[in-house]
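First residue of the sequence shown: 15, per my numbering; consecutive thereafter.
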Amino acid sequence: MATDTETIVARCVSMDSVLGAASNVTFWAGRAIAAHTKAAWADTSSDPYDVYLDAMANWTLHKIVMGLRSAGGVTAPSGPIQSKRNGDVSITYAISGGQSPGIFVGDFTQTTWGLQYLVYQGNLAGPVAL
Numbered sequence: 015m016a017t018d019t020e021t022i023v024a025r026c027v028s029m030d031s032v033l034g035a036a037s038n039v040t041f042w043a044g045r046a047i048a049a050h051t052k053a054a055w056a057d058t059s060s061d062p063y064d065v066y067l068d069a070m071a072n073w074t075l076h077k078i079v080m081g082l083r084s085a086g087g088v089t090a091p092s093g094p095i096q097s098k099r100n101g102d103v104s105i106t107y108a109i110s111g112g113q114s115p116g117i118f119v120g121d122f123t124q125t126t127w128g129l130q131y132l133v134y135q136g137n138l139a140g141p142v143a144l
């Protein structure tokens, strides 16, 4: 049976083969687990798809992209991402003008991976497929 770190790395590779193959993906997957223990995350006992691991994979990819951006290695636009398109499917995120008290979104609105992490965490509505 694979460890959570191995599962997160495998999910990162399946989500984005280039970012998932980054040399620091295992480091960030370990940091994701350290920052978000399963027990503190949510009731994962009744989660057949283990959303926790998908959320941690999104957190990991977000951290890799933000690290590459700060090092000048990614030319993705900065600023909140409000939607993304994959072929005929479009996903739009509800981005509010402010933050609710007690909710920290930090730089997670800067990447699609961060936005999906926030959705899993329950801090954003949706994605909404059009």
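Here a beta-carbon is modelled for each residue, glycine too, at the ideal position from N, C-alpha and C.
Computed from a predicted structure; not experimentally measured.
Query	Result
What residue from T19, T40, L82 has the CA that sits closest to T51's CA?	T19
According to DSSP, simplified to helix, strand and coil, what is G120?	coil
Does the distance from the CB of A71 to the CB of R25 come in under 8 Å?	yes
Considering only the beta carbon of each residue, do T125 and V79 sit closer than 8 Å?	yes
For G44, does the three-state DSSP call read helix, strand or coil?	helix
If you draw a straight line from the alpha carbon of L33 to that of V27, how long is it in whole angstroms?	7 Å
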